[in-house]
Amino acid sequence: MIIPTSETYRPSFFLRPKHFHTIYASKLRKVNGPIYTRERLETPDADFMDLDWSRQGNDRVVVLMHGLEGSSGRPYIRGFTNVLNSQGWDAVAINFRSCSGEMNRQPYSYHSGVSHDLATVLVHIQDQYPTIAAIGFSLGGNVLLKYLGEAKSETPLRAAVAFSVPCDLRGSSIKLMDRTNKLYMWNFLRLLREKVIIKAAMFPGLISAEGFNQISSFQEFDDRYTAPLNGFKDADDYWSTCSSKGFIPDIQIPTLLVNAKDDPFLSDSCYPIEQTRSNPHVTLEIPRFGGHVAFHQKGLYWSEERTMHFLREII
Numbered sequence: 298m299i300i301p302t303s304e305t306y307r308p309s310f311f312l313r314p315k316h317f318h319t320i321y322a323s324k325l326r327k328v329n330g331p332i333y334t335r336e337r338l339e340t341p342d343a344d345f346m347d348l349d350w351s352r353q354g355n356d357r358v359v360v361l362m363h364g365l366e367g368s369s370g371r372p373y374i375r376g377f378t379n380v381l382n383s384q385g386w387d388a389v390a391i392n393f394r395s396c397s398g399e400m401n402r403q404p405y406s407y408h409s410g411v412s413h414d415l416a417t418v419l420v421h422i423q424d425q426y427p428t429i430a431a432i433g434f435s436l437g438g439n440v441l442l443k444y445l446g447e448a449k450s451e452t453p454l455r456a457a458v459a460f461s462v463p464c465d466l467r468g469s470s471i472k473l474m475d476r477t478n479k480l481y482m483w484n485f486l487r488l489l490r491e492k493v494i495i496k497a498a499m500f501p502g503l504i505s506a507e508g509f510n511q512i513s514s515f516q517e518f519d520d521r522y523t524a525p526l527n528g529f530k531d532a533d534d535y536w537s538t539c540s541s542k543g544f545i546p547d548i549q550i551p552t553l554l555v556n557a558k559d560d561p562f563l564s565d566s567c568y569p570i571e572q573t574r575s576n577p578h579v580t581l582e583i584p585r586f587g588g589h590v591a592f593h594q595k596g597l598y599w600s601e602e603r604t605m606h607f608l609r610e611i612i
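Okay, so the sequence shown: first residue is 298 according to the working numbering, each after it adds one.
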């Protein structure tokens, strides 16, 4: 089902500019709590992921997945965790490899298509909870949708929600090269450079940070680092293989995808209208406003409110 550009969400007037809205929610939002309990999950390839739990003694849990260079400490993850706990859900936030404050062991870390890491987490927790749902944001949303399309009906997840998803990685990467997005691009590359420097020290001869300052786009970064370290031919191969857009027709559990029309990170190709029209399990909602992983409103954020309504309908 498709809910086109609509009035389902209307932010206050001063938050309607998409860049201010995006930055406000990311940098200025204050969230108290939760108090996490960390668990280190060893992966089949001799690496690890750190899971941050907020358990309230419930028999159902939501798995949360952050965006590029995020973590369980991001305001949108902590805000959702608080809301889920208040509504009778336990929560576990995945810190993708290298995102928990400690560098992972392997030369590679994470990328937009690491659905196998989500599968590892679900296998680990599925015997602990009879009811499991998942929420992904931006890169984490792409991972979630890709996983669902691969798993089809063979998943312990009962429902899924994804916000601000770059369903077409190539289109989103080109969109972020726009002059108006230079601040976001600079910030992502700054964070990634710090990790490349650490990895270069861990794996000399395999990874080098030399010349990194000449990189100005995701195509250059993915060609040099993401693709070769993860077995892809180049950035285009990585993007085409891992874009969740192509996996959406195969999703077989109730799934809500919300991409704001004004999201500065998303190209027109990131709104999978045809793919969702052909799949009755997936609802695509395109609010007129919302920015990127923003959706601010007084009290509960609209994204939190919308998610809880969806989960109540399904479970």
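For glycine and all other residues, C-beta sits at the position ideal for the given N, C-alpha and C.
Bear in mind that the values here come from a model prediction, so they are computed numbers and not experimental data.
Rounded Cβ spacing between residue i and residue j (contact assumed at less than 8 Å)
i: S351; j: A388; result: 5 Å
i: L348; j: E366; result: Not quite, the Cβ-Cβ distance comes to about 18 Å (not below 8 Å), so this is no contact.
i: L442; j: M362; result: Contact doesn't hold; Cβ gap of about 11 Å is too wide.
i: S409; j: V458; result: Between V458 and S409 the Cβ distance is about 18 Å, and since that is not below 8 Å, they are no contact.
i: A497; j: S505; result: 5 Å
i: A456; j: I612; result: 6 Å
DSSP state of residue i mapped onto helix, strand, coil
i: V360; result: strand
i: M346; result: strand
i: I512; result: coil
i: I432; result: strand
i: V579; result: strand
i: R326; result: coil
i: P525; result: helix
i: S566; result: helix
i: L473; result: coil
i: P546; result: helix
i: L305; result: Note on identity: in this sequence residue 305 is Thr, with Leu being the wrong assignment. Three-state DSSP puts T305 in coil, outside helix and strand.
Option nearest residue i by Cα separation, candidates the options
i: S566; options: P525, G468, T573 and D519; result: G468
i: P577; options: Y426, V590 and D547; result: D547
i: K558; options: I612, F586 and G433; result: F586
i: L473; options: S513, L488 and G508; result: S513
i: I239; options: Y535, L436 and G376; result: Only positions 298 to 612 of the chain appear in the structure, and residue 239 is not among them; the question remains open.
i: T417; options: W483, I432 and T452; result: T452
i: S540; options: L486, F460, F393 and G438; result: G438
Start-to-end residues for the beta strand (DSSP E) that takes in residue i
i: F460; result: L454 to F460
i: V555; result: T552 to V555
Continuous alpha helix (DSSP H) stretch holding residue i: start and end
i: R337; result: Unbroken run through R337 is the beta strand (DSSP E), T334 to E339; no alpha helix (DSSP H).
i: T604; result: W599 to I611
i: L486; result: K479 to M499
i: T538; result: A532 to C539
Query raised in the report: Which runs of the alpha helix (DSSP H) spanning at least 4 residues fall entirely within the stretch 372-430, listed in chain order?
Result: 372-383 and 412-422, all fully within the stretch 372-430.
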